[in-house]
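Comments concern the structure below.
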Amino acid sequence: MNNELVIIGAGPSGLSAAIEASRYGVKVLVIDENDRPGGQLFLQTHKFFGSRHHSAGVRGFQIGYNLLKEAEDQGIELLLGTTVWGIFPDLKVAFSRNTNGNDSVDAKNILIATGALEKAIFFKGWTKPGVMGAGAAQNMMHVYWVLPGEKALIVGAGNVGLIVAYQLAQAGADVIGVIEMLPRVQGYQVHAGKIRRLGIPILTSSTIQEALGDPAVEGARIVRVDEQGKPVQGSELEVACDLICLAVGLKPFDELCWSSGIDMKYMESLGGYVPIHNESMETTKPSVYVAGDVAGVEEANTAMEEGRLAGIAIAQKLEKLPDKEADQLKTEIRQRLEHLRLGTFGEERAKAKEMLVKLNSK
Amino acid sequence: MKQKEARGIEMRILEHPILDISKDRKKVTIIVDGKNVDAFEGETIASALYASGIKVHRTTAKFKEPRGVFCNKGRCTDCIMKVDGCPNVRTCNTMVRDGMIVESLEGRGEWEHLYE
Amino acid sequence: MLDKLFNTSNDGILSIKRIKQLLGYPGTERFEKNPVVVIECDQDIPCNPCEDICPERAIAVGTPITNLPSVDTNKCNGCTMCISICPGLCIFVVHKNYNSTESLVYLPYEMLPLPEKGMIVEGCDRKGEPVCKARIERVIKGKKLQKTAVVAVAIPKEYFEIVRAIRF
Amino acid sequence: MIKIEEHNIKKNFDVIIIGGGMTGCASAYFLTKGGMKVALIEMRSICSGSSGRNGGQVIQVEGRDELSPEMCKKKNSIAAPGKKLLSELNEELDFDIEYRKNGSLDMAYSEHDEKIIKQNIDWQRDAGEDKLVYLDPADLKEFCPVFGDEIRGAKLRKDDGNVNPFRITYAFAFAAQRLGASIFTYTTVKSLITGRDKVLGVRTDKGDFLAGYGVVNATNAWTKYLFPEYPVVPCKILAFVTEQLPTIPLPAIETVTNDDFDRTPFLFYGGSQKDGNVIIGGPPVTLPESMDDHFNEDLMYDDISRFKRLYAKYWPKIKDVSLIRGWGGALGFTPDALPLVGRTRFENLYMNTGFTNGMAWCPICGQLIAEVILKNGKTSIPIDIMDPERFSGEVFDWPEKYNYTILHNYLATKHEAERSKGY
Numbered sequence: 560m561n562n563e564l565v566i567i568g569a570g571p572s573g574l575s576a577a578i579e580a581s582r583y584g585v586k587v588l589v590i591d592e593n594d595r596p597g598g599q600l601f602l603q604t605h606k607f608f609g610s611r612h613h614s615a616g617v618r619g620f621q622i623g624y625n626l627l628k629e630a631e632d633q634g635i636e637l638l639l640g641t642t643v644w645g646i647f648p649d650l651k652v653a654f655s656r657n658t659n660g661n662d663s664v665d666a667k668n669i670l671i672a673t674g675a676l677e678k679a680i681f682f683k684g685w686t687k688p689g690v691m692g693a694g695a696a697q698n699m700m701h702v703y704w705v706l707p708g709e710k711a712l713i714v715g716a717g718n719v720g721l722i723v724a725y726q727l728a729q730a731g732a733d734v735i736g737v738i739e740m741l742p743r744v745q746g747y748q749v750h751a752g753k754i755r756r757l758g759i760p761i762l763t764s765s766t767i768q769e770a771l772g773d774p775a776v777e778g779a780r781i782v783r784v785d786e787q788g789k790p791v792q793g794s795e796l797e798v799a800c801d802l803i804c805l806a807v808g809l810k811p812f813d814e815l816c817w818s819s820g821i822d823m824k825y826m827e828s829l830g831g832y833v834p835i836h837n838e839s840m841e842t843t844k845p846s847v848y849v850a851g852d853v854a855g856v857e858e859a860n861t862a863m864e865e866g867r868l869a870g871i872a873i874a875q876k877l878e879k880l881p882d883k884e885a886d887q888l889k890t891e892i893r894q895r896l897e898h899l900r901l902g903t904f905g906e907e908r909a910k911a912k913e914m915l916v917k918l919n920s921k
Numbered sequence: 003m004k005q006k007e008a009r010g011i012e013m014r015i016l017e018h019p020i021l022d023i024s025k026d027r028k029k030v031t032i033i034v035d036g037k038n039v040d041a042f043e044g045e046t047i048a049s050a051l052y053a054s055g056i057k058v059h060r061t062t063a064k065f066k067e068p069r070g071v072f073c074n075k076g077r078c079t080d081c082i083m084k085v086d087g088c089p090n091v092r093t094c095n096t097m098v099r100d101g102m103i104v105e106s107l108e109g110r111g112e113w114e115h116l117y118e
Numbered sequence: 430m431l432d433k434l435f436n437t438s439n440d441g442i443l444s445i446k447r448i449k450q451l452l453g454y455p456g457t458e459r460f461e462k463n464p465v466v467v468i469e470c471d472q473d474i475p476c477n478p479c480e481d482i483c484p485e486r487a488i489a490v491g492t493p494i495t496n497l498p499s500v501d502t503n504k505c506n507g508c509t510m511c512i513s514i515c516p517g518l519c520i521f522v523v524h525k526n527y528n529s530t531e532s533l534v535y536l537p538y539e540m541l542p543l544p545e546k547g548m549i550v551e552g553c554d555r556k557g558e559p560v561c562k563a564r565i566e567r568v569i570k571g572k573k574l575q576k577t578a579v580v581a582v583a584i585p586k587e588y589f590e591i592v593r594a595i596r597f
Numbered sequence: 088m089i090k091i092e093e094h095n096i097k098k099n100f101d102v103i104i105i106g107g108g109m110t111g112c113a114s115a116y117f118l119t120k121g122g123m124k125v126a127l128i129e130m131r132s133i134c135s136g137s138s139g140r141n142g143g144q145v146i147q148v149e150g151r152d153e154l155s156p157e158m159c160k161k162k163n164s165i166a167a168p169g170k171k172l173l174s175e176l177n178e179e180l181d182f183d184i185e186y187r188k189n190g191s192l193d194m195a196y197s198e199h200d201e202k203i204i205k206q207n208i209d210w211q212r213d214a215g216e217d218k219l220v221y222l223d224p225a226d227l228k229e230f231c232p233v234f235g236d237e238i239r240g241a242k243l244r245k246d247d248g249n250v251n252p253f254r255i256t257y258a259f260a261f262a263a264q265r266l267g268a269s270i271f272t273y274t275t276v277k278s279l280i281t282g283r284d285k286v287l288g289v290r291t292d293k294g295d296f297l298a299g300y301g302v303v304n305a306t307n308a309w310t311k312y313l314f315p316e317y318p319v320v321p322c323k324i325l326a327f328v329t330e331q332l333p334t335i336p337l338p339a340i341e342t343v344t345n346d347d348f349d350r351t352p353f354l355f356y357g358g359s360q361k362d363g364n365v366i367i368g369g370p371p372v373t374l375p376e377s378m379d380d381h382f383n384e385d386l387m388y389d390d391i392s393r394f395k396r397l398y399a400k401y402w403p404k405i406k407d408v409s410l411i412r413g414w415g416g417a418l419g420f421t422p423d424a425l426p427l428v429g430r431t432r433f434e435n436l437y438m439n440t441g442f443t444n445g446m447a448w449c450p451i452c453g454q455l456i457a458e459v460i461l462k463n464g465k466t467s468i469p470i471d472i473m474d475p476e477r478f479s480g481e482v483f484d485w486p487e488k489y490n491y492t493i494l495h496n497y498l499a500t501k502h503e504a505e506r507s508k509g510y
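Okay, here's the thing in structure tokens:
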């Protein structure tokens with residue numbers, strides 16, 4: 560098998576890239592570890608921010624269905640339940656399919672769109688059953704329709720924490736509160752407003768000290784922290800809960816990038832180590848592209864735009880798209896990306912992205 | 003609250019304000035540590051276990067600590083169990099099958115078929 | 430329970446003072462007339478579906494997309510289209526002089542079960558705390574709303590700037 | 088945690104050790120214990136070279152074809168006390184190095200193999216080793232049920248086993264540091280600083296380090312770059328780790344097989360770690376292009392598929408187990424497959440390098456080099472066979488492209504020729 564473009568990850572960025580590239584006649588193969596495509600879009604039951612171009616106001620899972628439909632219409636080949644475990648110097652993509660052993664495909668271009676992983680924080684008892692990542696809880700609720708807990712405590716008041724609190728309440732759980740180490744809510748005020756109106760408290764300057772219960776979580780001990788982040792003696796409080804959701808940020812799922820020898824750079828605002836790439840999303844390893852959260856943790860709509868950008872760049876490189884037209888399309892996408900990175904929340908990310916591109920040109 | 007009453011002891015979400023919960027999924031039965039547990043075709047072992055209130059999947063080798071679902075996407079391997087005689091199977095990304103035998107793990111478990 | 434023991438924090442809650450400074454605030458005089466939109470959006474989030482959906486072109490975000498939405502109160506007729514499109518669920522329509530004693534507040538509702546017309550529920554403030562009785566006047570559903578129902582509640586007039594949620 | 092030294096401290100030491108692998112860390116420990124002020128300088132991080140890229144097999148006498156009764160005796164004289172030292176290290180270093188005496192195997196896949204292995208056992212018995220037995224297939228299966236039907240039998244040496252190579256290296260590093268040794272990582276030695284007639288220290292990319300008593304080269308494969316006059320050639324070898332398995336009685340393995348892959352004799356090794364990971368390894372499928380290419384630590388797809396196939400073939404019952412990591416790394420080969428340990432012709436320069444069989448040898452050689460320096464050359468075990476100057480003046484024509492197997496066979500042929508000359 561020799562594919563013009565192999566995409567690793569069938570999430571928002573991977574699918575967007577696949578759709579865009581195959582629109583111009585690129586032969587695409589999309590590989591995903593999960594049994595269903597769409598990535599984290601199917602965990603998202605809230606409506607997305609952005610503009611019309613980014614399907615703003617449409618719920619995440621609906622965007623997922625739309626992308627899948629489009630991919631299907633384009634006849635894009637999908638390889639599901641397949642884990643890519645290596646990219647070799649000759650652009651061989653090695654994967655394993657459950658127990659069916661190993662296989663590989665040769666690619667002319669590769670797009671790594673593996674998304675992000677959840678970070679965790681450590682406290683006594685954090686390994687107990689009942690402590691789980693926010694994404695884990697979302698997956699349980701929205702994909703398998705199982706409630707991960709009846710009384711939930713959320714750790715982290717970033718967007719993910721706020722959203723997951725809202726979603727747990729929607730699914731019928733009793734959310735006892737959202738706690739945040741920093742002195743103010745990290746996520747959007749509007750998300751915080753939603754859960755406050757439901758009567759769910761948000762406790763800033765507080766953190767979790769211990770997950771209580773044996774063998775599974777039956778409660779938590781939380782504590783206030785001072786300005787230095789140190790626990791305030793005597794402010795400990797034990798609360799009953801059977802689910803502790805960790806929503807303490809995401810980091811790029813960068814293992815494939817590291818192992819295939821792409822130059823990486825640590826970027827705090829993008830979640831961790833990110834692959835250095837140019838304006839067309841190509842990394843320091845020629846013909847290997849990145850898009851989406853793996854290239855810096857951002858929103859789903861930026862991921863989709865980055866995917867489109869990479870798809871067009873690859874179509875152009877394969878001479879399926881005239882330079883003039885491609886450059887025009889790329890400029891439009893870059894403008895939209897620029898817009899998505901405006902404002903207090905996007906500023907840092909925009910700067911970090913700019914720096915990555917600068918590093919690449921060196 | 004109404005959702006909770008409808009749910010009973012099962013942790014299944016029966017209705018959701020946003021999602022359409024399918025009512026006609028095919029029921030299967032898996033055997034967990036000798037007991038029958040209801041599950042639906044197309045779901046993972048982990049979600050079937052959570053739905054019936056089973057949260058502890060294994061105990062660790064050194065400190066005998068309980069472990070259950072943590073990342074729910076196949077990364078952390080906290081949720082591994084013995085499935086059809088094979089130890090260390092990730093239950094969060096393994097789909098149920100009717101009659102599947104699932105067992106809790108102690109430490110790294112044992113290979114039964116090794117000594118057959 | 431938690432916020433009782435910890436000092437109650439106001440995180441995630443906009444003060445009425447702040448809301449009155451926002452571009453999405455119609456102004457005290459405008460409330461006296463027909464229903465009008467109140468947009469409680471105070472952060473430069475890149476987002477503009479409210480601008481797109483408004484049939485009267487009363488809401489403007491413009492460029493850059495991170496601008497806060499402003500409302501042309503002369504154009505707004507309180508049609509409620511924007512309530513359910515807002516990803517932040519922070520748009521409300523208020524009809525202050527619904528009748529001689531009551532105001533009508535249209536708010537987004539995404540929980541189960543949905544209230545029914547005629548029900549008496551508790552009107553809650555931005556902190557989710559009940560402040561008054563509220564009567565459900567209308568429940569607007571529909572495919573276009575993508576399951577975000579719009580609920581119209583009648584409340585005592587003095588609460589028209591306070592009630593932003595219901596509980597029952 | 089390894090404490091990283093600041094570079095602005097005074098850089099006068101008694102002994103400088105170049106290389107932070109098992110040998111370097113062991114040398115640092117024993118020298119510090121003997122009262123020396125030691126600096127260990129490592130180009131990357133501790134245990135980043137071949138010390139961290141192997142199966143951890145403790146095999147007293149490895150190899151097959153090139154062996155002779157004399158060679159067995161020579162190797163035993165160092166490796167036997169080496170193994171004894173290993174069993175004492177947990178206490179000595181206050182750290183569990185996970186040394187388990189679960190035996191070592193060399194398996195026979197053909198009649199020819201069987202003959203050689205049996206002859207080997209005889210030679211070793213002649214050399215006074217009585218802990219060797221030949222297992223027929225039934226015995227082997229009883230001893231370790233993972234093996235498939237391909238195997239005709241195996242040499243079992245009961246007192247061999249496995250250690251955890253990371254733990255042993257770090258145990259030495261920690262212990263040395265506790266006693267006062269300074270460890271400088273990510274510091275590359277560029278050249279030696281020499282005085283009129285002796286070695287005074289080393290020049291690194293982060294400044295000069297002076298040594299009053301000597302400089303020890305413990306760079307193994309990298310000796311080629313620093314001391315090209317000593318015949319240590321790099322040889323790329325790969326290691327793979329499986330996911331953690333239920334404990335299986337899998338002994339250390341070092342064996343040569345006719346792999347289906349390219350029908351050439353192919354050495355592979357392996358063993359299970361205490362925490363359940365199985366490590367297997369061997370040379371790369373594609374021969375490195377040049378000697379420098381042996382330092383390339385990349386893996387290719389063919390390498391991985393070969394190892395996957397190998398273990399599916401020989402350990403069929405665990406064939407579905409995933410490989411979770413893999414590395415390439417360079418070990419050091421000398422013309423007679425014995426290391427270079429001891430004083431050199433340059434005053435204050437010592438060698439402790441050229442190990443192909445590390446686990447049994449490196450710790451004891453760390454101790455021996457410390458004795459050489461501390462006791463003015465008087466060692467508790469004779470180390471003449473490892474004299475660094477034994478090849479002095481000789482020129483070696485190494486094969487142009489090689490891997491472990493080719494080098495092994497090349498040396499065996501050479502030995503054969505020498506032996507027939509000698510008799």
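Top to bottom, those sequences are chains G, Z, Y and E.
For the first sequence, the working numbering gives the first residue as 560, with consecutive numbering after it.
For the second sequence, the working numbering gives the first residue as 3, with consecutive numbering after it.
For the third sequence, the working numbering gives the first residue as 430, with consecutive numbering after it.
For the fourth sequence, the working numbering gives the first residue as 88, with consecutive numbering after it.
Beta carbons are placed, not taken as given, at the ideal position from N, Cα and C, and that holds for glycine.
Val-664 of chain G versus G:Ser-828, G:Leu-880, G:Val-705, G:Leu-638, residue with shortest Cα-Cα distance: If we check each option's Cα against that of Val-664 of chain G, G:Leu-638 comes out closest.
Please identify, using Cβ separations under 9 Å, the residues of the region 610-630 of chain G that lie next to chain E, in order along the chain. Hits within the stretch: zero.
Hey, Leu-266 of chain E and Thr-119 of chain E: beta-carbon distance below 8 Å or not? Result yes, Cβ atoms of Leu-266 of chain E and Thr-119 of chain E sit closer than 8 Å.
Excluding sequence positions up to five away, which residues of its chain have a Cβ less than 6 Å from the Cβ of Ile-103 of chain E? Counting only residues of its own chain and dropping the five nearest sequence neighbours on each side, Ile-103 of chain E has a CB closer than 6 Å to the CB of Ala-126, Val-289, Phe-296, Ala-298, Val-302.
Euclidean distance between Cα positions of Ile-184 of chain E and Ser-54 of chain Z: Inter-residue distance for Ile-184 of chain E and Ser-54 of chain Z is about 43 Å (C-alpha atoms, whole angstroms).
DSSP three-state label for Cys-804 of chain G, please. Strand, per DSSP.
Pick from G:Ala-576, G:Gly-820, G:Gly-870, G:Glu-906 that is closest to Phe-647 of chain G, judged by C-alpha positions: Nearest of G:Ala-576, G:Gly-820, G:Gly-870, G:Glu-906 to Phe-647 of chain G, Cα basis: G:Gly-820.
Using three-state DSSP, classify Val-853 of chain G as helix, strand or coil. Helix at Val-853 of chain G.
Contact with chain C by Lys-810 of chain G, beta-carbon distance below 8 Å: Structure shown: chain C not included; protein chains present are G, Z, Y and E.
So, does the region 740-748 of chain G touch the region 711-719 of chain G, judging by three or more C-beta pairs under 8 Å? Between the region 740-748 of chain G and the region 711-719 of chain G there are three or more inter-stretch CB-CB distances shorter than 8 Å, so the stretches are counted as touching.
With a threshold of 7 Å on Cβ separation, who are the neighbours of Pro-168 of chain E within its own chain once the five nearest residues in sequence on each side are excluded? Only residues of its own chain outside the window of five on either side were considered, and among them Ile-451, Ile-468 have a CB closer than 7 Å to the CB of Pro-168 of chain E, listed in chain order.
In whole angstroms, what separates the C-alpha of Pro-498 of chain Y from that of Val-585 of chain G? Using only the alpha carbons, I get a separation of about 41 Å.
Would you mind stating whether Val-582 of chain Y and Arg-564 of chain Y have Cβ atoms separated by less than 8 Å? Yes, the pair counts as a contact, with Cβ atoms nearer than the cut-off.
How many angstroms separate the CA atom of Ala-679 of chain G from the CA atom of Ile-803 of chain G? Approximately 12 Å between the Cα atoms of the pair.
In DSSP terms, what Gly-369 of chain E is bridged to: Gly-369 of chain E pairs with E:Leu-325.
Could you give the residue range of the beta strand (DSSP E) that holds Cys-561 of chain Y? Boundaries of the beta strand (DSSP E) around Cys-561 of chain Y: 559-569.
Could you tell me which residues DSSP puts in a beta bridge with Gln-144 of chain E? Answer is E:Asn-249.
Determine contact between the region 864-872 of chain G and the region 30-47 of chain Z, defined as no fewer than three beta-carbon pairs at a distance below 8 Å. As far as the Cβ criterion goes, the region 864-872 of chain G does not touch the region 30-47 of chain Z, which means the pair count is below three.
Interface residues of chain Z facing Val-705 of chain G [CB-CB closer than 7 Å]: Neighbourhood of Val-705 of chain G in chain Z, by CB distance below 7 Å: Met-13, Arg-14, Ile-15, Ser-49, Tyr-52, Ala-53, in chain order.
Interface partners of Glu-112 of chain Z on chain E, CB under 7 Å: Those are Pro-333, listed as they occur along chain E.
Roughly how far, in whole angstroms, is the beta-carbon of Val-776 of chain G from the beta-carbon of Glu-795 of chain G, given that I think they are within contact range, below 8 Å? The Cβ separation is near 17 Å, so there is no contact.
Which of helix, strand or coil does DSSP assign to Lys-976 of chain G? Lying outside 560 to 921, the shown extent of chain G, residue 976 of chain G is not represented and no answer is given.
Let me know if Pro-493 of chain Y comes out buried or exposed under the rule of 16 or more other beta-carbons within 10 Å of its beta-carbon. Pro-493 of chain Y comes out exposed.
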